[in-house]
Amino acid sequence: LTNLFVNPEPVDFELKKRSIFLDSFLIHRTQRGHLVRSKSELIIADKLHAAGIDYDYEPQINLNGTERYPDFVITDDDSGETYYWEHLGMMSDPKYRKRWEKKLSQYRAEEILPLEEGGGENGILVTTEEYQGKGFDSQKIDELVQIVLG
């Protein structure tokens, strides 16, 4: 909810039977009509949609006893694989990075392992990252979408 140039205007939205707060200036609507938190998530969602990949946005899951909301969950009915896609949009922030490291350890404890490691028994973790001062790599998203497509 942080925008340095204007006062925040939180808006309460119901998403999947739970209430979330988004700043009225930071709400982005996907091609499917879903509301997402960032332009990067918008790009990912629209690329998944364009490829014909169905996804759930921020569904509630339990990771090692903690309620979590991965950005996207994709279930491939043909292969039986489940992909958990996390967009890490503030990796330049040490506190954010530390929270991510904790969440990653929770994924590992549930045998949901990174794509780069071949995935795990209970799922494949796909991550995309952004750092302050570095651009967004749309081609990388395309490559990951192709991997999810199989």
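In the working numbering, the protein residues as written are -4 to 145. Built from N, CA and C at the ideal position, the CB exists for glycine as well.
Among residues of its own chain, excluding the 5 on either side of residue i, which ones have a beta-carbon nearer than 7 Å to its beta-carbon?
i	result
G84	S33, S35, E125
A46	V140, L144
S133	I38
Could you check where the beta strand (DSSP E) with residue i kicks off and where it finishes?
i	result
L37	Counting along the chain, L37 falls outside any beta strand (DSSP E), though it belongs to the alpha helix (DSSP H) covering 34 to 45.
Under a Cβ-count criterion, where at least 16 other Cβ atoms within 10 Å of its own Cβ denotes burial, should residue i be classed as buried or exposed?
i	result
Y78	buried
G28	exposed
E106	exposed
P89	exposed
Give the single residue among the options whose Cα lies nearest to the Cα of residue i.
i	options	result
V31	L58, Q101, P65	P65
F67	E76, S74, D49	D49
H82	Q141, L99, E76	L99
D51	S133, Y102, D41, I107	D41
S76	Q55, S133, H23, I119	Here residue 76 turns out to be Glu, not Ser, going by the sequence shown. When only C-alpha atoms are compared, the closest one is I119.
G130	W80, M86, E112, R63	M86
Give me, in chain order, the residues of the same chain whose beta-carbon lies closer than 8 Å to that of residue i; leave out the 5 immediate sequence neighbours on both sides.
i	result
K135	T123
Following the continuous alpha helix (DSSP H) through residue i, name the residue where it begins and the one where it ends.
i	result
E81	That residue, E81, is in no alpha helix (DSSP H); its beta strand (DSSP E) goes 77 to 83.
So, at 6 Å on beta carbons, what are the nonlocal neighbours of residue i in its own chain, with the 5 sequence-adjacent residues on each side left out?
i	result
P109	L120
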